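The structure under discussion appears below in the form of structure tokens.
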């Protein structure tokens, strides 16, 4: 129920109208306890709930902006109502100088109030639930104003988290806000929420973020490279940026992640040999994973020494599986300056097939004698490709008597062999 009220805070419960005392003073003017006149106030339109007649509740109260209220008495106001368009009740407050039209507040009014009081989250919830009933407000405007309010009040993290919901599939707004965060040096704050599909943004956006991490946080750069599709940015541009950064003074703890990022970028761009060089320089066993996964043995067969120094067992196993892809000499020549590693490789080769690597069996006699003398006798028994005289000299110099006996018997020197056995 709507009622017209004429309040005044200073009127006592016993206040009376002058009309009751002096009819000549004018209907409706107010006096205090001492009989002094009280200045008129603005009338109010109040909404009263009458669910309980004994105790009605006031739902709302609004001051009415009428002109000349200072000269008006209560009796000079009247309230009437009619039904307006769409069955909306319209209230008319009539005074000698003014007619004020009041109507029930709608959802647009409520949203205006929420926005004016910076209650954007509640405004957004209301707008989304009452969208069909809105005539003035647009949800897109409320969303953007909410973001502006958050960054204005320095709540960048909250704003960033809200972006997927507030910006949704609007690529233009996404790009504008990302540039804004970058200008405010808050790019890392919004980066986790940047979409890569639906919408996919301009490649410059993703490159902006990746370059930011190249300079500030290579570990985050790695994460982005691993989760972002490689088609959303220019791989060549990012490779160039990483190389430029590596050529500058970089903190020691940042260099490994930059190198790993470079390796992954080379892999994405199918520059496999460069990628393998990066991983070998890093001494990263990821090189074995990539060689197996992408069949890259041809790109690493010239880096056997580095791979052996990284992991002997994995390297030997890898090359034993791909013997048809290279010659034994290609590997042996790379390992010649590291005799122990050469022995590890040739030993694995001999165990796989005693006929493989026959041209190196003379060398293997020396290698077994130096690094694995207990296995030399078995090698001598199973190989037919070493020079007996050369093998005898090697064994004699190291006093390997059992091996000398075997060689002398093969040479037909049974007497010499017997002497060794007896002595």
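In this note's numbering, the protein residues as written are 2 to 424.
Don't be surprised by glycine CBs; every beta carbon is placed ideally from N, CA and C.
For clarity, every value in this text was computed on a predicted model and none was experimentally measured.
Would you decide whether residue i is buried or exposed? Buried here means 16 or more other CB atoms lie within 10 Å of its CB.
{"i": "residue 198", "result": "exposed"}
{"i": "residue 94", "result": "buried"}
{"i": "residue 253", "result": "exposed"}
{"i": "residue 84", "result": "exposed"}
{"i": "residue 290", "result": "exposed"}
{"i": "residue 365", "result": "buried"}
{"i": "residue 382", "result": "exposed"}
{"i": "residue 219", "result": "buried"}
{"i": "residue 263", "result": "buried"}
{"i": "residue 423", "result": "exposed"}
{"i": "residue 419", "result": "exposed"}
{"i": "residue 316", "result": "buried"}
{"i": "residue 380", "result": "buried"}
{"i": "residue 68", "result": "exposed"}
{"i": "residue 41", "result": "buried"}
{"i": "residue 178", "result": "buried"}
{"i": "residue 244", "result": "exposed"}
{"i": "residue 320", "result": "buried"}
{"i": "residue 206", "result": "buried"}
{"i": "residue 72", "result": "exposed"}
{"i": "residue 353", "result": "exposed"}
{"i": "residue 102", "result": "exposed"}
{"i": "residue 346", "result": "buried"}
{"i": "residue 356", "result": "exposed"}
{"i": "residue 98", "result": "exposed"}
If I'm right that residue i touches residue j with Cβ under 8 Å, what's the distance once you round it to whole angstroms?
{"i": "residue 415", "j": "residue 388", "result": "No, residue 415 and residue 388 are not in contact; Cβ-Cβ is about 20 Å, not under 8 Å."}
{"i": "residue 168", "j": "residue 147", "result": "Actually they are not in contact, since the Cβ atoms of residue 168 and residue 147 sit about 11 Å apart, beyond 8 Å."}
{"i": "residue 172", "j": "residue 202", "result": "6 Å"}
{"i": "residue 335", "j": "residue 306", "result": "5 Å"}
{"i": "residue 194", "j": "residue 161", "result": "6 Å"}
{"i": "residue 240", "j": "residue 266", "result": "5 Å"}
{"i": "residue 302", "j": "residue 327", "result": "5 Å"}
{"i": "residue 208", "j": "residue 234", "result": "5 Å"}
Measuring straight from C-alpha to C-alpha, what distance separates residue i and residue j?
{"i": "residue 372", "j": "residue 214", "result": "49 Å"}
{"i": "residue 405", "j": "residue 358", "result": "23 Å"}
{"i": "residue 187", "j": "residue 256", "result": "24 Å"}
{"i": "residue 408", "j": "residue 318", "result": "32 Å"}
{"i": "residue 413", "j": "residue 384", "result": "17 Å"}
{"i": "residue 350", "j": "residue 212", "result": "47 Å"}
{"i": "residue 342", "j": "residue 314", "result": "11 Å"}
{"i": "residue 236", "j": "residue 156", "result": "34 Å"}
{"i": "residue 170", "j": "residue 176", "result": "11 Å"}
{"i": "residue 217", "j": "residue 226", "result": "15 Å"}
{"i": "residue 4", "j": "residue 190", "result": "53 Å"}
{"i": "residue 393", "j": "residue 411", "result": "11 Å"}
{"i": "residue 370", "j": "residue 276", "result": "38 Å"}
{"i": "residue 64", "j": "residue 151", "result": "32 Å"}
{"i": "residue 49", "j": "residue 229", "result": "59 Å"}
{"i": "residue 282", "j": "residue 231", "result": "24 Å"}
{"i": "residue 330", "j": "residue 377", "result": "22 Å"}
{"i": "residue 285", "j": "residue 304", "result": "14 Å"}
{"i": "residue 144", "j": "residue 185", "result": "20 Å"}
{"i": "residue 402", "j": "residue 348", "result": "22 Å"}
{"i": "residue 417", "j": "residue 288", "result": "53 Å"}
{"i": "residue 77", "j": "residue 96", "result": "6 Å"}
{"i": "residue 386", "j": "residue 395", "result": "15 Å"}
{"i": "residue 374", "j": "residue 222", "result": "51 Å"}
{"i": "residue 43", "j": "residue 62", "result": "12 Å"}
{"i": "residue 58", "j": "residue 200", "result": "51 Å"}
{"i": "residue 250", "j": "residue 242", "result": "14 Å"}
{"i": "residue 391", "j": "residue 360", "result": "14 Å"}
{"i": "residue 324", "j": "residue 309", "result": "16 Å"}
{"i": "residue 28", "j": "residue 79", "result": "Note on residue 28: pLDDT 46, under 50, position unreliable in the model; the coordinate value appears next. Each residue's alpha carbon lies about 14 Å from the other."}
{"i": "residue 280", "j": "residue 296", "result": "16 Å"}
{"i": "residue 293", "j": "residue 332", "result": "18 Å"}
{"i": "residue 268", "j": "residue 340", "result": "33 Å"}
{"i": "residue 299", "j": "residue 192", "result": "39 Å"}
{"i": "residue 322", "j": "residue 311", "result": "18 Å"}
{"i": "residue 181", "j": "residue 163", "result": "15 Å"}
{"i": "residue 117", "j": "residue 126", "result": "16 Å"}
Identify every residue that forms a DSSP beta bridge with residue i.
{"i": "residue 93", "result": "81 and 102"}
{"i": "residue 64", "result": "45"}
{"i": "residue 1", "result": "Lying outside 2 to 424, the shown extent of the chain, residue 1 is not represented and no answer is given."}
(request) Please go through the stretch 330 to 407 and give each complete alpha helix (DSSP H) segment of 4 or more residues, from N-terminal end onward. (result) At a cut-off of 4 residues, the continuous stretches assigned as alpha helix (DSSP H) that sit fully inside the stretch 330 to 407 are 340 to 353, 362 to 372, 377 to 383 and 389 to 398.
(request) For the stretch 156 to 211, list the alpha helix (DSSP H) runs that are entirely contained and at least 4 residues long, ordered along the chain. (result) For the stretch 156 to 211, the full-length alpha helix (DSSP H) segments reaching 4 residues or more read 157 to 168, 172 to 184 and 188 to 191 along the chain.
(message) Just to confirm the assignment: which complete beta strand (DSSP E) runs, minimum length 3, are found wholly within the stretch 223 to 302?
(response) Counting only runs of 3 or more residues that sit fully inside the stretch 223 to 302, no beta strand (DSSP E) segment turns up.
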